[in-house]
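As structure tokens, the structure follows; a few thoughts come after it.
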Amino acid sequence: MTADSSTRRSCPSEYLLDRYTQGELTDDSRAIFVAKHLQGCEGCAAFVRQARVPAPAWEVVKPLRPAGARRATALSLLAVAAVVGLLFVPTPTPVRDALPFSSVQNVRRKASGLHLDVLVKGGTKPVERLLEGDELAAGDRLRFEVSSPAPGFVGVIGIDGTGTVSALAPPKGWLYALTTSDKILLPDAVVLDNAAGAESLLLFLCEERQEIETLTVALRRNLDVAPFGCRTTRVNFNKRVGL
Amino acid sequence: MALEDDRRLKLAALYDRYGNLVYRRARKLLRNDALARDVCHEVFLALMGRADSLYEVNVGWFYRVTTNHCLNLLRDAGKHSMLLQTLQSPVQPSGPPLGVLLRGVPPDLQTLALHYYVDEMTQEEIAELLGVSQRTVCSRIADLKIVLACLWADEPSHACQSRGKN
């Protein structure tokens, strides 16, 4: 991760690190190479940590093109603003943050040290942290903040009141690689549908890299047993429909 | 519970996931925050036109599109020197900056030069990213090295002259 030609190839390229961070390395030998390298290279580990930070939500955008291109650029910026306006920027409310954080975590410590915190954005309300047994509404948006005592591969799966299993984060493909015990905000956001009832969110930490579909298939077979090589922790909530 | 199928939400999720990568890469190539933001917006606008294949984009797609946007921006503005001005030549570290050398590099080799010298990717990674065989990458790197060597040479060699004829 340096432009110094004297150290070329001593570290993985940023491209490889980015693919690793996004769980896109389909070649196990390369994934293992990167994982081992990260343990001994603070520079690359810092790069990966930084790469996991969600994109900034810019509030002010100004045209940078020459005058002839301004009209098209302005239209483009409007379109981008529409997209960026949807971004879910977690800003926990003072009220919920005032709670002792341990009180939030204690209720969901079912796998030692493995934590799932759910950030909820409902309508125009500010972002809140979900507490065990909270009531949510259809249309609420959720994001997931995870931490683990050990490196591994993580994913979040939802089970609704009818027992339907849905992959949420990632929605498909490889689980996210977790190399640090720091809290990591997963990139995916989900919106609750309008099926009322009790629901659960399950965070999985797996020793081996695998696709989330493997976990959903295993759960559909047996809701009570964690897939082999995986630990799990659960957060339950109730969902209401309408007012 | 189900995932929101709305396309705009998917775009927002993609922005959340890859926006930082795009911005970082554009900033690295352009060395300008404002231009990097502009490129970031353009990349996601390009993505909006791919509504049917939003689930197919990955790191490689964002690398390719971001690199192309940056190079186009710099070509349009005639700012190639800004891109690599401060990077030392990998061929001859004591020589002039790579940016100066790239002024004479054909456009079709500039992307390769960026990936090979600036990004320090392996031939395997470049082949994967560009969707060509590793043999092709190897061959084009050989071409690139000849071009660089010719640009550096005080007296063009036979290889340079024969390339010039092609």
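Protein chains in written order, with my numbering: chain A, 4 to 246; chain B, 238 to 403. Each residue gets a CB set at the ideal place from its N, CA and C atoms; glycine is no exception.
Residue j beta carbon less than 8 angstroms from that of residue i
{"i": "B:T303", "j": "B:V259", "result": "yes"}
{"i": "A:K242", "j": "A:L171", "result": "no"}
{"i": "A:A34", "j": "A:L41", "result": "no"}
{"i": "A:G232", "j": "A:E210", "result": "yes"}
{"i": "A:A199", "j": "A:V244", "result": "yes"}
{"i": "A:F207", "j": "A:Y179", "result": "no"}
{"i": "B:D270", "j": "B:R261", "result": "no"}
{"i": "B:A283", "j": "A:A192", "result": "no"}
{"i": "A:F147", "j": "A:L117", "result": "no"}
{"i": "A:S169", "j": "A:G158", "result": "no"}
{"i": "A:G26", "j": "A:P173", "result": "yes"}
{"i": "A:L251", "j": "A:V121", "result": "Only positions 4 to 246 of chain A appear in this structure, which leaves residue 251 of chain A out of reach."}
{"i": "B:L310", "j": "B:Q347", "result": "no"}
{"i": "B:L248", "j": "B:M285", "result": "yes"}
{"i": "B:L267", "j": "B:V280", "result": "no"}
{"i": "A:F240", "j": "A:L119", "result": "no"}
Same chain, Cβ closer than 6 angstroms to residue i, neighbours up to 5 away in sequence not counted
{"i": "A:V37", "result": "P15, Y23"}
{"i": "B:T323", "result": "Bear in mind that the predicted position of B:T323 carries a pLDDT of just 41, short of 50, making it too unreliable to give a figure here."}
{"i": "A:D143", "result": "V123, G125, L195"}
{"i": "B:V374", "result": "Q360, I363, A364"}
{"i": "A:T182", "result": "L41, P154"}
{"i": "A:T94", "result": "Caution applies to A:T94, whose pLDDT of 36 falls short of 50 and renders its modelled position unreliable; the model cannot decide the point."}
Where the beta strand (DSSP E) through residue i begins and ends
{"i": "A:N150", "result": "It is Ser, not Asn, that sits at residue 150 of chain A in the sequence shown. From DSSP, the beta strand (DSSP E) with A:S150 extends over 144-150."}
{"i": "A:A140", "result": "138-140"}
{"i": "A:K242", "result": "233-243"}
{"i": "A:A198", "result": "Careful: A:A198 lies outside any beta strand (DSSP E) and carries neither H nor E."}
{"i": "A:K124", "result": "118-124"}
{"i": "A:G161", "result": "155-162"}
{"i": "A:L181", "result": "179-181"}
Own chain partners of residue i with C-beta closer than 8 angstroms, once the 5 adjacent residues on each side are dropped
{"i": "B:R301", "result": "L366, L367"}
{"i": "B:Y255", "result": "V294, V296, F299"}
{"i": "A:L20", "result": "M4, V37, C47, F50, V51, A54"}
{"i": "A:D31", "result": "R212"}
{"i": "B:D342", "result": "The amino acid at residue 342 of chain B is misidentified as Asp; the sequence shows Val. A350, L381, V384, L385, L388, listed in sequence order."}
{"i": "A:D185", "result": "R52, S150"}
{"i": "B:D253", "result": "none"}
Cutoff 8 angstroms: residue i Cβ touching any chain B Cβ
{"i": "A:Q25", "result": "yes"}
{"i": "A:G71", "result": "A caution first: A:G71 carries a pLDDT of 41, below 50, which makes its placement in the model unreliable, though a value can still be read off. Answer no: the Cβ-Cβ gap between A:G71 and chain B never drops below 8 angstroms."}
{"i": "A:V194", "result": "yes"}
{"i": "A:R111", "result": "Confidence at A:R111 is low in this model, with a pLDDT of 36, below 50, so its placement is unreliable and no value can be given for it."}
Interface partners of residue i on chain C, CB under 8 angstroms
{"i": "B:V296", "result": "Although the question refers to chain C, the structure presented lacks it and instead comprises the protein chains A and B."}
Test: residue i CB closer than 8 angstroms to a CB of chain A
{"i": "B:L246", "result": "yes"}
{"i": "B:R301", "result": "no"}
{"i": "B:A239", "result": "Low confidence applies to B:A239: its pLDDT is 45, below 50, so where it sits in the model is not reliable enough to give any reading."}
{"i": "B:R254", "result": "yes"}
{"i": "B:A250", "result": "yes"}
{"i": "B:E357", "result": "yes"}
{"i": "B:L385", "result": "no"}
{"i": "B:E362", "result": "yes"}
{"i": "B:L366", "result": "yes"}
Endpoints, alpha helix (DSSP H) assigned at residue i
{"i": "A:V56", "result": "First-last for A:V56: undefined, no H or E at that position."}
{"i": "A:S32", "result": "31-43"}
{"i": "B:L258", "result": "244-267"}
{"i": "B:L272", "result": "270-285"}
{"i": "B:Y353", "result": "Per DSSP, B:Y353 belongs to no alpha helix (DSSP H) and is neither H nor E."}
{"i": "A:L19", "result": "17-24"}
{"i": "A:L171", "result": "A:L171 -> not in any alpha helix (DSSP H); beta strand (DSSP E) instead, spanning 168-172."}
{"i": "A:L222", "result": "215-224"}
{"i": "B:L366", "result": "360-367"}
Closer than 7 angstroms at the beta carbon, the chain A residues around residue i
{"i": "B:L258", "result": "D21, A54"}
Neighbouring residues, chain B, relative to residue i (Cβ below 9 angstroms)
{"i": "A:D191", "result": "L240, A250, D253, R254"}
Same chain, Cβ closer than 7 angstroms to residue i, neighbours up to 5 away in sequence not counted
{"i": "A:A141", "result": "L195, D196, N197, K242, V244"}
{"i": "A:S13", "result": "none"}
{"i": "A:T219", "result": "I160, V168, A170"}
{"i": "A:E214", "result": "G176, W177"}
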